[in-house]
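Heads up: the sequence shown runs through residues 14 to 495, numbered per the numbering used here.
Heads up, the beta-carbon is just placed ideally off N, CA and C, and yes, glycines get one too.
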Amino acid sequence: MSSQDTPSIASVFTGKRVLLDSQSSVGPATIHVDGRGKIARIEPTYSPSLATFDAGDALLMPGLVDGHVHINQPGRTQWEGVVTASHAAAAGGVTTIIDMPLNCIPSTVTAEAYALKRDSFRQGMWVDVGTWGGVVPGNAGDLAPMLEAGARGFKCFLCDSGVDEFPPVDEAQLRLAMTQLAEHKGLIMFHAEMDTGASVDAAQDPTLYSTFLDSRPPAMEVRAIDLVIKMCREFAPRVPCHIVHLSAADALPAIRAAKAEGLPLTVETCFHYLTLSAEAVPSRSTEYKCCPPIRQQANCDLLWEAVLDGTIDFVVSDHSPCTPDLKLHACCGGKIPEAAVEGDFVKAWGGIASVGIGLPLLWTEGRRRGLTLQDVVRLVCERTAVHSGLKDRKGRIAVGMDADFVVWQPEEENRITADKLHFRNKLTPYQERECVGLVHQTVVRGTTVYDITKPDDEAEWENSFSKLPHGQWLDSPITLRY
């Protein structure tokens with residue numbers, strides 16, 4: 014590119030405390046952003062006189078990439094939609110979200126369904142958004158067209174997904190799909206639970222969390238992960254494999270052994286598995302139900318060890334909301350269906366609502382365990398960007414990258430109240446939770462899309478969000494992940 018073609022500087026961001034990436038120290042920096050929203054130059058100085066945005070004493074670091082969000086649009090937007098999901102993301106410093114292929118109607122299992130989702134999102138993205146495709150019985154021939162269209166990779170279930178539109182695959186169907194993906198180095202992700210014969214004890218009270226927990230033992234995850242490792246070994250190195258939302262610490266020895274073997278296997282866990290425990294779940298509180306389940310505190314402690322030693326590669330929200338009636342919950346105006354028992358953990362929909370509140374949750378719990386700010390960037394920015402095939406655009410502050418930033422105060426007290434929850438249905442186990450760490454501004458490709466300091470009565474702002482959506486649909490070619 015000649016000097017005449019070089020985009021001019023459109024904005025300048027500066028701060029006393031800037032963290033560029035997981036290998037850097039916190040220090041002063043001034044970041045010049047060109048008219049395309051790309052970082053053009055970085056100087057190691059604090060220069061408020063030059064800046065269009067001065068973060069001052071707040072921490073400025075890369076925007077978060079949440080690679081596991083159920084937006085549910087089109088088809089189930091009463092559960093969630095792209096406007097509310099991306100508002101919630103922006104309010105939490107998340108500048109990129111990757112949507113899951115199920116719970117929308119149609120499920121994202123064909124190129125046509127991919128295009129339908131993309132087109133339905135166009136006018137409502139406050140952050141950048143991409144989507145995973147899905148692997149279901151009979152769609153192996155649809156995988157390459159979805160990759161070519163821009164799908165970031167593919168998810169499958171090894172057990173019932175909970176929705177009829179997205180059935181699970183067996184080993185033969187999985188092998189057929191992976192054979193197709195091997196030709197394109199396509200990533201496959203596994204909801205890693207398999208039936209072990211465990212079932213609900215009808216003699217137990219369904220409004221007690223223990224009744225549900227006993228029906229989803231760790232063995233379900235261990236059995237499924239053994240199959241994932243077997244298939245990963247069979248198709249290595251052509252098909253990278255990923256375990257979503259790891260809950261059971263019992264599976265960690267097999268995962269560590271597979272990684273030591275050099276298999277292309279990655280693993281995520283979720284904010285809720287690191288910050289909640291089975292012992293603390295109140296009866297009838299179905300907002301805590303998810304699959305795989307939140308387990309005991311001892312299990313949580315082992316997951317944290319795996320996060321800190323790198324066995325678990327990164328952390329995501331797995332934001333999976335629904336309406337209160339499906340949770341069999343009377344809050345938020347929900348009505349309990351006739352003949353249903355309020356707070357029935359067995360029959361309630363499983364999923365935790367949490368997009369946009371993960372940063373303070375992770376930081377509050379993690380810092381007392383030795384988590385550093387650099388670890389935070391690694392776990393929720395860099396590694397999630399790499400996993401989503403976006404390592405050349407997202408997750409770090411570097412020349413040529415998208416100017417995606419979160420400006421926050423790690424030391425500031427933050428109580429998670431309903432007015433801070435911008436996703437559609439406010440039912441979450443984190444209501445009224447005390448944290449530290451408050452997001453002040455979120456910047457997507459050089460444009461501020463969320464600013465907590467903007468008064469609500471300013472005409473150009475509604476509840477601190479930019480008036481117009483600034484997000485882009487992410488269908489760029491996949492950057493080689495690992």
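* Asked: Given Gln-309, which residues of its chain have a CB within under 8 Å of its CB, disregarding the five upstream and five downstream residues?
  -> Translated into the one-based positions of the sequence shown, residue 309 becomes position 296. Result list for Gln-309: Ser-290, Ala-291, Glu-292, in chain order.
* To do: Would you identify the three-state DSSP class for Trp-376, choosing helix, strand or coil?
  => Numbered from its first residue, the sequence shown carries residue 376 at position 363. Reduced to three states, the DSSP call for Trp-376 is helix.
* Asked: Does the stretch 331 to 338 touch the stretch 86 to 101, meaning 3 or more C-beta pairs lie closer than 8 Å?
  -> yes
* Asked: Any idea if Gln-86 is buried or exposed, counting beta-carbon neighbours within 10 angstroms, 16 or more meaning buried?
  -> Here residue 86 corresponds to residue number 73 of the sequence shown, with the count starting at 1. With 16 or more other Cβ atoms within 10 Å, it is buried.
* CB contact flag (Trp-139, Pro-482, <7 Å) -> Taking the first residue of the sequence shown as position 1, residue 139 is located at position 126. Taking the first residue of the sequence shown as position 1, residue 482 is located at position 469. Closer than 7 Å, so yes.
* **Cβ-based neighbour list, Arg-54, same chain, cut-off 6 Å, excluding 5 preceding and 5 following** => Looking up residue 54 in the sequence shown gives position 41. Cβ within range, chain order: His-45.
* Taking DSSP as the reference, what is the three-state secondary structure of Glu-447? -> Translated into the one-based positions of the sequence shown, residue 447 becomes position 434. Correct three-state label for Glu-447: strand.
* Could you check what DSSP says for Pro-423 in three-state terms: helix, strand or coil? => Counting from one through the sequence shown, the residue named residue 423 turns up at place 410. In this structure, Pro-423 counts as strand in the three-state DSSP scheme.
* Asked: Between Gly-175 and Gly-364, what straight-line distance do the alpha-carbon atoms span, to the nearest angstrom?
  -> Within the sequence shown, residue 175 is the residue found at index 162, counting from 1. Within the sequence shown, residue 364 is the residue found at index 351, counting from 1. Cα to Cα, the separation comes out at about 11 Å.
* Would DSSP call Leu-72 helix, strand or coil? -> Along the sequence shown, one-based indexing puts residue 72 at 59. DSSP places Leu-72 in strand when its eight states are reduced to three.
* **Best match in Ala-153, Gly-369, Val-449 for proximity to Ser-330 [C-alpha to C-alpha]** => Residue mapping note: residue 330 aligns to position 317 of the sequence shown, counting from 1. With distances taken between Cα atoms, Ser-330 lies closest to Gly-369.
* Does the beta-carbon of Asp-322 have 16 or more other beta-carbons within 10 angstroms, so that it is buried, or is it exposed? -> Working through the sequence shown from its first residue, we reach residue 322 at position 309. Looking at its Cβ environment, which holds fewer than 16 other Cβ atoms inside 10 Å, Asp-322 is exposed.
* Asked: Contact check, Gly-80 vs Leu-115 under 8 Å by CB: the rounded distance?
  -> Position 67 of the sequence shown, counting from 1, holds the residue named residue 80. Position 102 of the sequence shown, counting from 1, holds the residue named residue 115. Contact flag wrong, Cβ pair sits at about 15 Å.
* **Sheet register partners of Thr-109 (DSSP bridge)** => Residue 109 sits at position 96 when you count from the first residue of the sequence shown. Per DSSP, Val-78, Asp-141.
* First through last residue of the beta strand (DSSP E) which encompasses Pro-41 -> Numbered from 1 along the sequence shown, position 28 holds the residue referred to as residue 41. 40 to 47 is the extent of the beta strand (DSSP E) around Pro-41.
* Contact set for Leu-63: own chain, Cβ-Cβ below 6 Å, skip 5 residues either direction -> Reading the sequence shown from its first residue, position 50 is the one you call residue 63. Contacts found: Val-25.
* In chain order, which continuous runs of the alpha helix (DSSP H) of length 4 or greater are located wholly inside the stretch 277 to 341? -> 284 to 288, 310 to 322
* Asked: Hey, is the stretch 404 to 418 in contact with the stretch 300 to 314, meaning 3+ C-beta pairs nearer than 8 Å?
  -> no
* Going by Cα to Cα distance, which pick from Ser-35, Asp-214, Ala-431, Val-252 is closest to Arg-396? -> Your numbering for residue 396 matches position 383 in the sequence shown. The option with the nearest alpha carbon to Arg-396 is Ser-35.
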